[in-house]
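Protein chains: 2
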Amino acid sequence: MLPPLTQAFVLHFGEMGSRWGFNRTVGQIYALLFLAPEPLNADQIVDQLGFSRSNVSMGLKELQGWNLVRLVHKPHDRRDHFATPSDIWTILRTLVEERKKREVDPTLSVLRELAMQAPAGPAEQHAQARMADMLTLIETLTRWYDDVKRMDDKRLIKLLSLGAKVQRVLEFKDKITGRTKTVADPAARAANEG
Amino acid sequence: MLPPLTQAFVLHFGEMGSRWGFNRTVGQIYALLFLAPEPLNADQIVDQLGFSRSNVSMGLKELQGWNLVRLVHKPHDRRDHFATPSDIWTILRTLVEERKKREVDPTLSVLRELAMQAPAGPAEQHAQARMADMLTLIETLTRWYDDVKRMDDKRLIKLLSLGAKVQRVLEFKDKITGRTKTVADPAARAANEG
DNA sequence: CTGAGTTTTCAGAATTTCCTGAAATTACCA
DNA sequence: TGGTAATTTCAGGAAATTCTGAAAACTCAG
Chain D
1 MLPPLTQAFV LHFGEMGSRW GFNRTVGQIY ALLFLAPEPL NADQIVDQLG
51 FSRSNVSMGL KELQGWNLVR LVHKPHDRRD HFATPSDIWT ILRTLVEERK
101 KREVDPTLSV LRELAMQAPA GPAEQHAQAR MADMLTLIET LTRWYDDVKR
151 MDDKRLIKLL SLGAKVQRVL EFKDKITGRT KTVADPAARA ANEG
Chain B
195 MLPPLTQAFV LHFGEMGSRW GFNRTVGQIY ALLFLAPEPL NADQIVDQLG
245 FSRSNVSMGL KELQGWNLVR LVHKPHDRRD HFATPSDIWT ILRTLVEERK
295 KREVDPTLSV LRELAMQAPA GPAEQHAQAR MADMLTLIET LTRWYDDVKR
345 MDDKRLIKLL SLGAKVQRVL EFKDKITGRT KTVADPAARA ANEG
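If you read the protein sequences in the order shown, they are chains D and B.
Letter by letter, the first sequence follows residues 1 to 194 of the numbering used here.
Letter by letter, the second sequence follows residues 195 to 388 of the numbering used here.
Right, dumping it as structure tokens:
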């Protein structure tokens with residue numbers, strides 16, 4: 001039915017689905033839409049994947065809830081068509097944002113809530129301290145994320161491909177701002193750049 | 195049974211468990227161990243959470259499989275005790291590593307596999323190009339991750355708290371390496387540092 | 001309006017996952 | 001080696017989730 005590479009990809013996404021927070025149907029539908037050169041309508045998805053019409057309808061709704069799939073209308077066709085963004089970085093941003101919303105935000109708000117309450121006796125002192133550690137960590141991470149997600153794709157990609165080498169750049173900068181003279185010395189500069 | 199803050203935290207982790215790739219039992223056991231000031235043995239967990247002994251045993255095994263919990267032996271006590279690392283950054287590293295192993299590595303290897311196969315006719319050209327896009331993105335991300343995970347905690351935290359401001363540092367560096375004279379000029383340097 | 005085409009809802013069947021108690025296994029002491 | 005404490009395994013019951021078909025609801029051209 002599906003050509004072999006497409007089939008393999010779709011089946012893999014179906015299997016992985018559960019690890020990514022949705023089910024087989026949703027995973028396969030997403031994979032199919034991701035690969036499709038054109039938006040697909042629900043019946044085309046039914047034909048290709050063999051799920052019931054209602055299951056596909058629910059799967060599409062869930063994918064729209066994740067903002068991973070958008071509704072497209074074709075001229076002279078009453079049926080709804082669905083597509084994934086063609087830009088993969090856009091997809092990544094959406095995925096991360098939605099997973100954060102589901103996986104970390106609820107915990108963040110519970111931890112903030114609990115941090116404000118008085119510990120019920122000395123027994124909970126330690127527990128509350130542990131929660132505070134976790135809260136600090138999550139807040140550090142989400143602040144970083146909120147910051148980074150505002151970067152445009154080009155800079156983001158540049159930053160990613162630099163990897164841990166940013167470290168060196170930072171240390172380089174420290175040196176410069178610390179003692180300007182060193183920077184003016186070409187030999188020292190070359191050493192810093194490695 | 196459990197003091198109120200502890201209880202709230204444990205129940206929350208139980209609920210979140212399914213979103214994080216494990217079940218209620220595992221989530222609650224982890225939460226309890228995380229908060230505990232001392233390693234706990236299986237019976238203590240049974241007492242506090244009310245799950246069956248066998249369920250706790252399986253949950254602990256799963257947590258050990260994730261490397262999130264380690265076995266501890268107390269002197270003069272035959273029973274196994276369990277603890278989470280006390281350092282929260284260590285926990286984060288483990289969690290990310292294990293999730294990557296489960297959630298991205300399988301897809302990475304499938305995509306590499308499929309990238310090598312010849313498309314079955316022109317119908318699959320587009321599909322294979324899409325897969326290639328995804329592969330490139332995942333490889334970029336995992337390379338970045340492999341790089342960053344080698345950083346020590348101190349530098350990592352520094353980098354995180356810098357957030358998108360690294361950007362400025364990078365541009366600052368570009369200017370310096372591009373035209374040294376400008377850097378030597380204190381006025382221009384001040385402008386770059388913002 | 002009407003009615004064909006399309007999408008959504010939803011009760012319950014099918015499937016999967018979770019959890020338990022009983023039995024088996026392991027570890028260790030005397 | 002026998003006995004006891006501790007842990008693990010596992011078959012099957014309980015619970016949760018996924019999936020379906022039928023019916024309801026919606027949409028729009030005529």
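Cβ coordinates follow ideal geometry from the N, Cα and C atoms, glycine included.
- In the three-state DSSP reduction, residue 96 of chain D falls in the helix class (H, G or I).
- Between residue 80 of chain D and residue 55 of chain D a beta carbon distance of about 16 Å is seen, past the 8 Å cut, so the two are scored as non-contacting.
- Counting only Cβ-Cβ distances below 7 Å, residue 34 of chain D has contacts in chain B at 324, in chain order.
- Between the C-alpha atoms of residue 97 of chain D and residue 139 of chain D there is a straight-line separation of about 15 Å.
- Rounded to whole angstroms, the gap between the alpha carbons of residue 348 of chain B and residue 311 of chain B is 44 Å.
- For residue 80 of chain D, there is no enclosing alpha helix (DSSP H); the enclosing beta strand (DSSP E) has its first and last residue at 80 to 83.
- The closest CA to that of residue 78 of chain D, considering only D/107, D/61 and D/43, is found on D/43.
- Contact annotation: residue 36 of chain D and residue 308 of chain B have beta-carbon atoms that are not nearer than 8 Å.
- By alpha-carbon distance to residue 132 of chain D, the top candidate from D/47, D/112 and D/58 is D/112.
- The DSSP-derived three-state label of residue 206 of chain B is helix.
- Assignment of residue 67 of chain D by DSSP, reduced to helix, strand and coil, places it in the coil class.
- A direct Cα-to-Cα measurement between residue 197 of chain B and residue 126 of chain D gives close to 12 Å.
- For the set D/149, D/157, D/151 and D/144, the Cα lying nearest the Cα of residue 350 of chain B is the one of D/144.
- By the neighbour-count criterion, in which 16 or more other beta carbons inside 10 Å mark a residue as buried, residue 150 of chain D falls on the exposed side.
- For residue 267 of chain B, the beta-bridge partners assigned by DSSP are B/274.
- The Cβ atoms of residue 69 of chain D and residue 84 of chain D lie closer than 8 Å to each other.
- Rounded to whole angstroms, residue 94 of chain D and residue 219 of chain B show a C-alpha spacing of 30 Å.
- Counting only the Cα atoms, residue 110 of chain D lies some 8 Å from residue 206 of chain B.
- Partner residues in the beta bridge of residue 41 of chain D, as assigned by DSSP, are D/81.
- Not one beta carbon of chain D lies nearer than 8 Å to the beta carbon of residue 266 of chain B.
- When 8 Å is used as the limit between beta carbons, residue 233 of chain B is near no residue of chain D, the shortest such separation being about 13 Å.
- Between residue 297 of chain B and residue 20 of chain D, the C-beta gap is smaller than 8 Å, which places the two residues in contact.
- Only exposed fits residue 315 of chain B, as fewer than 16 other CB atoms lie within 10 angstroms of its CB.
- With contacts defined as CB atoms closer than 8 Å, residue 1 of chain D and residue 64 of chain D fail to qualify as a contacting pair.
- In terms of CA proximity to residue 23 of chain D, D/59 leads the group D/59, D/5 and D/142.
- Collapsing the DSSP output to three states places residue 152 of chain D in coil.
- For residue 299 of chain B, the closest Cβ of chain D is not nearer than 8 Å.
- For residue 159 of chain D, at least one C-beta of chain B is nearer than 8 Å to its own C-beta.
- Distance from the CA of residue 317 of chain B to the CA of residue 31 of chain D, rounded to the nearest whole angstrom, comes to 16 Å.
- C-alpha of residue 255 of chain B to C-alpha of residue 370 of chain B: approximately 54 Å in a straight line.
- Rounded to the nearest angstrom, the Cβ distance from residue 222 of chain B to residue 204 of chain B is 5 Å, consistent with a contact under 8 Å.
- Between residue 16 of chain D and residue 282 of chain B, the C-beta spacing is not below 8 Å.
- Taking 8 Å as the threshold, the shortest C-beta distance from residue 65 of chain D to chain B does not fall below it.
- In this structure, D/142 is the residue among D/75, D/128, D/142 and D/170 with its C-alpha nearest to the C-alpha of residue 108 of chain D.
- A straight line joining the alpha-carbon of residue 51 of chain D with that of residue 57 of chain D spans about 10 Å.
- Within chain D, the residues placing a beta-carbon under 7 Å from that of residue 200 of chain B are 124 and 127, ordered along the chain.
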